[in-house]
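In this note's numbering, the protein residues as written are 68 to 793.
One structure is given here, and the rest of the page talks about it.
Laid out in structure tokens, this is it:
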């Protein structure tokens, strides 16, 4: 074994894994890099992230499967950065962006769809206002396939068309002109590219910010920073609610312009109390009935506790617009985001306050509303105000401006600080083996008398924080799984006895918070893995019967909500490992072939045969060793050789990125006990045990052993309870 050295360094709630550079290939005065940008958006079905990039006068398009820039769509057709305007951003573009009606082929290649992006007017403050298309604000429609301009829709404003949202049921887009007086929204038919209605906002709303479409209610929602105030967020703000079906009925055909023609009634306005939120700005649709509202801050910030809020959309009962939760110390976000895979809210907090001295990304559980670790994204206040996540690749994207070079976030992840970058991050969580919810994996033991014990590991160091006896269970019961079935960060322990009875311990460190018994399941059914198969943040149970038929029991905490069949495992294949992200790793016991299934619910959305490996090699574990959000394969052979395949495994792409050997460890003495993220740095580690009971760990950085530690000797009567890897 490698001698013990310094343990791995501390991790963060979001772990950066790649800096995506924007090349200086546009011949403008502010060409290249990342400096002036606005709203970002992810379409998970099209595996695409886009960013309104004013510096490069276009929309940056990034493939979220590979975290690579594929094009700058519409480059040169926007206003770009207009520094001569009194409020530069109001006269610049592109601003808000959106993907509409994207389509892909069976290989995941984009075959259709559009990018909608808001552009600015000339910023005229007197006279007749905008009188020609070149002077008026617009929404530009670009091809998602090649970035070409499809349509340029005049919205009639003197300043920018900004943030927007899409109603896929009625095929409508809503975009706000937030800087005009009064602010207003335009609603477009996405097929005809025509404005069907325009909605004048209250003149004293201090702008109009993020809008969302909520499929649960069929309504548009838009944040109003202030209602009848003086423009400093000192008066209560609110949410304007718009019924898009009324927009269709209005059949607007007049000349575009603020308040002209037929108007769509705002069906409700939710006023947010200053004690909860001042300056509502960003907004995201969370799990029912939640809407997250990011509050920018203002004179009442101390009164509101620098909070953002979660409100009720009324879809499951209760009072629409009422505050469900206040998220303390989460003020300042221009954009907020919800990722259904991790069940996390992320808030791009670009405004400094007493408790928020630098811009950073706040992370809050949509289940418990507890704050997770923040990652600092800028060295000074402001700048990094945009965030969007992809539930398929599990990545979160944050543009880092050139002005934040002192943060070194770009250079630390393969970019150039002086140019800025778009940073791709992955959340550091360990839902397997993490029994105390501190994001570091723990180690569960059992002895020959049935005693169960737990090592809780220390976040940041991987050292043993404490060791406790959990309880004693008769030996006819076996631990068959450890997974976060409730989506609350705490792994539960799944038990089964020799008669087929199933039971679950809900854990809080060494304390058993609750026990659920499910009764007997025929012994012809075996649990062959656990994983988050339906991307709801909660682990599920994978079953196989004696005929090779597979099924999944979907969980909501200890409750089995449904069990669905997958189909029959092909002859000669066995389930080798499963991971927490919904990937299933298979091996053919005759040919040595290795395959990966990526699941979406009970559907196999991607199945890839990775080729044959000699049967002298065994899959010893699964873990995200390089922190890229995909599980990798840990191999060992009969001579003790150790190797890792670094993988990409998401619904759109499965492949081996690279492979490397780690050396040879005596197989007659040492064996791999399990994989887990024992330091909580977002990268899986390897836990070892020898034939005398010595336990050690390798802390990994991809295919490099960055450090190791020897924990001590547990004797031969105790065994590590590991049945599923990472």
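Where a beta carbon is used, it is the ideal one built from N, C-alpha and C, also for glycine.
On a predicted model such as this, the values are computed, not experimentally measured, just so you know.
- Annotated three-state conformation of residue 478 is helix, per DSSP.
- Inclusion of residue 437 and residue 403 in the CB contact set at 7 Å is not warranted, their separation being larger than that value.
- Leaving aside the five residues that flank residue 265 on each side, the residues in its chain whose CB is nearer than 6 Å to its CB run, in chain order, 251, 253.
- The continuous beta strand (DSSP E) containing residue 574 extends over residues 568-575.
- A direct Cα-Cα distance of roughly 10 Å separates residue 739 from residue 765.
- Contact fails between the stretch 593-600 and the stretch 577-584, because fewer than three Cβ pairs, one in each stretch, are under 8 Å apart.
- Of all C-beta pairs linking the stretch 169-189 to the stretch 220-238, three or more are shorter than 8 Å, placing the two stretches in contact.
- For residue 665, the CB contacts under 7 Å within the same chain, skipping 5 residues up- and downstream, are 649, 650, 672, 673, 716, 717, 718, 721 in chain order.
- Going by beta carbons, residue 489 and residue 512 fall outside the 7 Å limit.
- Considered as a whole, the stretch 652-723 harbours 660-667, 670-679, 684-690, 699-704, 708-717 as its complete beta strand (DSSP E) runs of no fewer than 3 residues, in chain order.
- Collapsing the DSSP output to three states places residue 89 in coil.
- Each residue's CA atom was taken as its position, placing residue 768 and residue 85 some 14 Å apart.
- Residue environment for residue 542: exposed (fewer than 16 other C-beta atoms within 10 angstroms of its C-beta).
- Beta bridge pairing from DSSP links residue 763 with 755, 777.
- If you draw a straight line from the Cα of residue 146 to the Cα of residue 183, it is about 15 Å long.
- For the pair residue 293 and residue 210, the Cα-to-Cα distance works out to about 36 Å.
- In this structure, DSSP gives residue 315 a helical state, which the three-state scheme calls helix.
- Linking residue 539 to residue 342 through their CA atoms gives a straight-line distance of about 50 Å.
- Within the same chain, Cβ atoms closer than 7 Å to the Cβ of residue 455 are found at 107, 108, 109, 116, 404, 464, the five residues on either side in sequence being excluded.
- In the structure shown, residue 400 adopts extended strand secondary structure according to DSSP, grouped into three states.
- When DSSP states are grouped into helix, strand and coil, residue 484 belongs to the helix group.
- Taking C-beta atoms as the reference points, residue 336 and residue 305 count as a pair closer than 7 Å.
- Counting along the chain, residue 227 sits inside no beta strand (DSSP E), nor does DSSP assign it H or E at all.
- According to DSSP, residue 725 shares a beta bridge with 713.
- In the same chain as residue 374, and ignoring 5 residues on each side of it, the C-beta atoms closer than 7 Å to its own belong to 343, 344, 362, 393, 394, 395, 397, 398, in chain order.
- Going by DSSP, residue 517 is part of no beta strand (DSSP E) at all; its letter is neither H nor E.
- In this structure, DSSP gives residue 553 a state outside helix and strand, which the three-state scheme calls coil.
- Taking a contact as a CB-CB distance under 8 Å, the pair residue 382 and residue 355 counts as one, their CB atoms being some 5 Å apart.
- According to DSSP, residue 347 shares a beta bridge with 362.
- Of the candidates 142, 87, 157, the residue whose Cα lies closest to the Cα of residue 131 is 87.
- Straight-line measurement puts the Cα of residue 612 at about 33 Å from the Cα of residue 706.
- Residue 278: member of the beta strand (DSSP E) spanning 278-281, first to last residue.
- Taking residue 224 as the centre and dropping the five residues before and after it, the same chain places the C-beta of 188, 204, 244, 247 closer than 6 Å to its C-beta, in chain order.
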